[in-house]
Amino acid sequence: MNTPSLAPETRFGTADRWKVAILITAFSIAFAEVTIANEPFGLIGPWVMPLMAIIYGGHALLLASWVYRTNRRFTMAALWSAGVIFGLYEFFLTGVLWGVGNEEALIGPGGISWWGVLVLACFWHSILAFILPLLIVEQLAVERPRILGLAPAWIRRTPSWLRWTLLVLAAVFPGAFVTERWPFWFVWIGLPGTAVALTLLVRYLRPQAKVTSLADALPTTPALKWIGVVFAACFVVFGASITGENLISTHQMVIAVALYGIPVGLLLANLRATADPETVHLRWTQSSKRGLVTYIVIACVVAGVSGLLPGVAETIKVYFMIIPVWFAGGLAGLLALIVGIRQALKAIRAAGAHPS
114 MNTPSLAPET
124 RFGTADRWKV
134 AILITAFSIA
144 FAEVTIANEP
154 FGLIGPWVMP
164 LMAIIYGGHA
174 LLLASWVYRT
184 NRRFTMAALW
194 SAGVIFGLYE
204 FFLTGVLWGV
214 GNEEALIGPG
224 GISWWGVLVL
234 ACFWHSILAF
244 ILPLLIVEQL
254 AVERPRILGL
264 APAWIRRTPS
274 WLRWTLLVLA
284 AVFPGAFVTE
294 RWPFWFVWIG
304 LPGTAVALTL
314 LVRYLRPQAK
324 VTSLADALPT
334 TPALKWIGVV
344 FAACFVVFGA
354 SITGENLIST
364 HQMVIAVALY
374 GIPVGLLLAN
384 LRATADPETV
394 HLRWTQSSKR
404 GLVTYIVIAC
414 VVAGVSGLLP
424 GVAETIKVYF
434 MIIPVWFAGG
444 LAGLLALIVG
454 IRQALKAIRA
464 AGAHPS
């Protein structure tokens with residue numbers, strides 16, 4: 114008598130779950146921090162990477178587990194809502210949304226950078242630090258990935274030339290921004306180092322077995338409890354340091370804490386809705402040595418403009434990066450917020466019309 118084959122998820126062991134957790138964490142750090150040279154060595158610097166892993170990995174794994182294990186047929190609105198919760202850490206772990214370290218920030222009522230909330234929470238972190246890393250790792254570990262299928266058709270059918278253009282832009286960003294905080298040569302180590310690190314991680318940590326849903330590949334409940342403890346301890350310690358050193362008022366802290374209630378409410382509402390997107394596989398998940406070397410060369414040459422021609426770099430940074438990102442990113446964040454609210458109200462009405 115033939116022995117029935119094991120289901121894909123039963124072959125997915127503890128080691129595979131750790132591989133998935135590391136990959137999600139690595140892509141989250143690379144996309145959110147290295148792309149703007151906020152931490153050029155965020156993924157490859159042993160003095161900074163552990164803290165980055167706690168902040169980014171902790172957020173991504175805890176929030177992704179919440180979404181995937183509550184509703185495996187979640188909508189993009191639900192995933193985005195969780196990403197906004199992620200982005201609000203900029204209040205307590207950096208103080209950026211209070212204008213800490215950014216004298217040019219436009220501070221509004223309550224001492225809050227409201228446009229910064231739209232850019233960093235509703236756009237940058239929700240997409241680059243959360244949705245995009247999950248999308249890529251899901252492509253690597255899941256038989257029928259669903260996140261890309263939730264995206265608009267014009268996004269999921271991007272041609273190869275556009276993907277290369279985006280990669281080159283990913284090199285321009287750190288090249289233009291690195292000189293604000295770091296010696297220029299940091300970009301010539303951090304950028305290729307991160308590209309090599311991601312390539313090696315994908316090659317050697319890509320799970321051999323695949324699961325039916327990323328929910329089956331995320332850390333187990335006991336592991337998540339330990340992740341949560343470490344994450345909460347980091348949040349409290351560094352949050353107290355930031356708020357204390359920068360004399361953040363109780364009034365400002367109350368507003369910041371209250372703001373968490375908005376994406377949490379949206380997430381709870383949007384998790385009531387379901388979606389059944391078509392399965393879309395990325396055509397570009399394999400990285401060849403030639404492709405990697407080509408990108409590194411292009412990236413270093415493009416980023417080198419900042420060191421060799423500071424005046425040109427400043428123009429590029431201000432008019433082609435800062436203004437577009439903060440203007441377009443804010444508008445995108447505002448649009449996403451409107452759509453997220455509309456989808457939440459729609460889900461609430463649907464649940465009320467068809468109570469379980």
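The C-terminal residue of the sequence shown carries number 469 in the working numbering, and the numbering is unbroken. Glycine residues also receive a C-beta, built at the ideal position from the N, C-alpha and C atoms.
Which whole-angstrom value is the C-beta distance of Ala242 and Phe144, which I expect to be below 8 Å?
6 Å between Cβ atoms; contact.
Which word fits Tyr317, buried or exposed, when buried means at least 16 other C-beta atoms lie within 10 angstroms of its C-beta?
exposed
Would you grab the beta carbon distance between Leu253 and Arg319 for me? Rounded to a whole angstrom, and I think it's under 8 Å.
5 Å
Comparing alpha-carbon positions, which option in Ile355, Cys413, Ile368, Lys338 lies nearest Gly214?
Ile355
Kindly confirm or deny that the region 173-180 and the region 130-148 touch, where touching means at least three C-beta pairs closer than 8 Å.
With the cut-off at 8 Å, the region 173-180 and the region 130-148 touch.
According to DSSP, simplified to helix, strand and coil, what is Val255?
Of the three classes helix, strand and coil, the one that applies to Val255 here is strand, per DSSP.
How about Ala449 and Phe154: are their beta carbons less than 8 Å apart?
no
Using the Cβ count rule (16 or more neighbours within 10 Å means buried), how would you classify Tyr181?
buried
Which same chain residues, not among the five before or five after Gly229, have their C-beta less than 7 Å away from its C-beta?
Val209, Leu210, Ala218.
Is it true that the CB of Ile240 sits closer than 8 Å to the CB of Pro376?
no
Can you list, in chain order, the residues of its chain with a C-beta nearer than 7 Å to that of Gly352? Leave out the 5 residues immediately preceding and following it.
Contacts found: Phe205, Leu206.
Is the CB-CB distance between Ser178 and Leu337 below 8 Å?
yes
Quick one: residues in its chain with C-beta nearer than 7 Å to the C-beta of Glu152, no 5 flanking neighbours on either side, listed in chain order?
Glu146, Val161, Met165
So, with DSSP's three-state summary, where would you put Val324?
strand
Express the C-alpha separation of Met189 and Ile260 in angstroms, rounding to a whole number.
7 Å
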